[in-house]
Structure formats: structure tokens, C-alpha cells
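Everything below concerns the one structure shown next.
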Amino acid sequence: MSKCKFWALKSGFNGQAKLSDFKLVEEKLPTSLKDGELVCQAIYLSVDPYMRLFTHLSKAGEPVAGEQIAKVINSKNAKYPVGTIIRLSCGWRSHTHVKDASTIDLMPELGDLPLSLTLGIMGMPGMTAYFTLLDVLKIQKGETLVVSGAAGAVGSLVGQIGKILGCTVIGFAGTDAKIKWLKELGFDHAFNYRTEDIGKSIEKVAPDGVHCYCDMVGGEISFKVMQHLREYGRMVVLGTISTYNKSGDVTGPYLFEDILKKSLTITGFIIFNIREKWHIGEKQMAEWIRQGKLKYKETITEGFEHMPEAFLGLFEGKNTGKAVVKA
Ligand SMILES: NC(=O)c1ccc[n+]([C@@H]2O[C@H](COP(=O)([O-])OP(=O)(O)OC[C@H]3O[C@@H](n4cnc5c(N)ncnc54)[C@H](OP(=O)(O)O)[C@@H]3O)[C@@H](O)[C@H]2O)c1
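In this note's numbering, the protein residues as written are 65 to 391.
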């Protein structure tokens, strides 16, 4: 293998992300390596909504930022001999020449669990769900929790962990098939936000309001849920996918008086800021999976050449659970 490919943005996103924003670039791989270097080949690549939001991470003409699981195929590094499976944030690349092995991320201890889970329940989305509930919201048994984007990679785990911790969980997602799946996962209540009134749905199942809101989507859905937070309610903003493709200002109801009168706490949280703690969450997630307490789904797209389609599908609700590309 002397050549590899990567996906780049032609000139950044402008409003709605589209296929024509991307281009496939060919690059040469080195014929010889220096001490400490290695070359790896992608096995699974992650597509995540943040790739649309954090546009500074993906400069035009360079690989789109992202994490992958790869196999070492050439090595001059004793720690990572040929055949080693590694996790690294090298972008949307078919092969990567790793010059600095300190950029390689620790793999979780998977045991017999599938490798692709490293990008989902055992990786970034799983850690987001785990630490959001335990560290940020510090959710308590008996509390009522609303989750938007509930059938997605993070949301489906937030709801299930909420159930493990003894909460009443209400989920919102965008298709009836997803709602059915959420009920199979043990969500107490699940509603299709496209066909049901969000406010009335919450009033029906939580007439006294909700203690916590885990927000994946922002915008109109979240303005409505926020109005049902009870006194001292807590909300964590994890993502605002409903607005990632919008240009211009997003407007909504004026909620400052509500925040004051109810003494609400609203916080943002980014999982990459606590990278050093992930091993704690990974251990617990693996245990819950093995105990049958946590279930997961993956939407796997076959073929590195289909990365842009897999990514754009996130904004059309095409995935259930974690969206992954098999190279
Ligand atoms: N803060 C952090 O550290 C962190 C970490 C991971 C993810 N996130 C954020 O959390 C959110 C979910 O991430 P994820 O990885 O779990 O993605 P995901 O849910 O697996 O995929 C996106 C889902 O969002 C829903 N969606 C898309 N457009 C929407 C819209 N306009 N309104 C409402 N729902 C919409 C779709 O489901 P429906 O069919 O239900 O519409 C889609 O399947 C994203 O906003 C992401 O940026 C944050």
C-alpha cells in the first residue's frame, strides 16, 4: 500500500451540510518509517454531530476531524507492533502515518465485546451519557428525567442509565419505530416529537414537572421541555443538533424569568474535557452490558467511500443508536 485516501471539506460548511461539501483526496504513504512511527489502516470510523458544529477542527483540504479504530499494518514502534488495534483521532482517513505515537488514545478493555463499541457505548457517546448523569446532573433515585434525541447514540444510553439509577425516564425521538425501541429499552414514556405535542406529552405523564432535562437537540423542542422543569430543576446542554445546519440567529421564547423564578440550573458539558476519567465510565458500562442492563444499537454504513452519506444521515434521523462506518 503506497497510497491512502482521506475525506476533506472543500471550503467548510455553509448552512445545510451536503454531499458536495466533501471531496475525496489521495495521499502517499511513506515507503520507510522512522523509529517510533507506524502506519495503520482504518477498521471502523465514527461519524458524530459535533463534526458539523466544531468546524474549526476540520480545515478545508485537510481530513475531516474524527475518531477511528485502526489496525497497525507497518511499525517501527515496539509498543504498537503490526496487528495491534488502536483508537486514534486522526480524521476521516483510510490509512494513517502516525509520526507521534503519544497521539494514540487508550483502548477500553473490551474483552469479548465487539470492537465497534469503542466508538459508541464504550467510547465517547457512552462516556457522555455516563458522566452527564453521574457527575453533571448528579441524578437521584426517584427523579424524573427528560431526554431528547433519545434514540441516538448518547440519548439511548442516558435513558437506560437513568432507569438503572431509579429514575422515571421520558424520551423524545423522531419516528414511531424509534419510540417502540425506546419502550423496549425500558423508557417509562417515549413520544414522537414530530407527531405529538411536546408540552402536552410531558403534562400527561409528569403533571408536577420534571427534575432534569438532558438536551441533545436545542431549538424548539428544548424551549418546550424547559418550560416543564420544576423548581430547582437541572438541565444539561450536550448538543443542539437541530440548529447545527442553520445559518443566522436562532430565536425562541424568553425564558430568563422562568429560570429565575424556578431557580433552575442550566449547564453545558463537553466530554472531551474529562478525558482522564473515561476509564471509570468504560469499566461500569462494560459491566452493565454484561449484566444485560444496557442494550445498544449501531447503524453501520459499509464502505469508507460512504462516510459523507453516513454523516449527513445523522441530521435526517437515519441512524438509531450509534452511527459507525465500516471501512
Ligand atoms: N457535549 C458532548 O460532550 C457531546 C458528546 C456527544 C454528543 N453530543 C451531542 O449530543 C447530541 C446527540 O449526539 P449523538 O452522537 O447521540 O447523535 P445521534 O443521536 O446518534 O444522531 C443524531 C440524531 O439526532 C436527531 N436529530 C437530527 N436532527 C434533528 C432535529 N432537527 N431535531 C431533533 N432531533 C434531530 C435524529 O434523531 P430523530 O429521528 O430522533 O430526529 C438523529 O438520529 C448531538 O447534538 C451531539 O452534538 C455532545
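Just so you know, even glycine gets a beta-carbon here, dropped at the ideal spot from N, CA and C. Because the structure is a prediction, the values reported are computed rather than measured.
Closer than 7 Å: residue i CB and nearest ligand 1 heavy atom
{"i": "Y114", "result": "yes"}
{"i": "A387", "result": "yes"}
{"i": "N141", "result": "no"}
{"i": "S306", "result": "yes"}
{"i": "P189", "result": "yes"}
{"i": "M299", "result": "no"}
{"i": "A237", "result": "yes"}
{"i": "A129", "result": "no"}
{"i": "K242", "result": "yes"}
{"i": "T365", "result": "no"}
{"i": "F333", "result": "yes"}
{"i": "N383", "result": "yes"}
Beta bridge counterpart(s) of residue i as assigned by DSSP
{"i": "S110", "result": "V388"}
{"i": "F70", "result": "V89 and R157"}
{"i": "Y277", "result": "V210 and M299"}
{"i": "R339", "result": "Paired residue(s): none; R339 is not in a bridge."}
{"i": "V162", "result": "L102"}
{"i": "G332", "result": "V301"}
{"i": "A134", "result": "A106 and I150"}
{"i": "T189", "result": "The sequence given here has Pro at residue 189, not Thr. Answer is none; P189 lacks a bridge partner."}
{"i": "I168", "result": "L152"}
{"i": "S139", "result": "L102"}
{"i": "L293", "result": "V274"}
{"i": "P317", "result": "BP columns for P317 are empty, so no partner."}
{"i": "P127", "result": "A72"}
Buried versus exposed call for residue i [16 or more other C-beta atoms within 10 Å across all chains shown]
{"i": "V314", "result": "exposed"}
{"i": "V162", "result": "buried"}
{"i": "P317", "result": "exposed"}
{"i": "K347", "result": "exposed"}
{"i": "E126", "result": "exposed"}
{"i": "T42", "result": "Residue 42 cannot be examined here, being either before or after the span of the chain that is shown, 65 to 391."}
{"i": "L358", "result": "buried"}
{"i": "L46", "result": "With the chain covering 65 to 391 only, the question about residue 46 has no answer from this structure."}
{"i": "R298", "result": "buried"}
{"i": "T259", "result": "exposed"}
Check: residue i C-beta below 7 Å from any heavy atom of ligand 2
{"i": "I185", "result": "Inclusion of ligand 2 in the displayed structure is not the case, the ligand content consisting of ligand 1 alone."}
Notebook entry, point to check: Considering only residues of the segment 217-275, which uninterrupted beta strand (DSSP E) runs meet the minimum length of 3 residues and lie entirely inside it, listed in chain order?
Noted result: List check, beta strand (DSSP E) in window: 232-237 and 253-256.
Query - Contiguous beta strand (DSSP E) assignments of at least 3 residues, all confined to the segment 353-384 - result: 362-366
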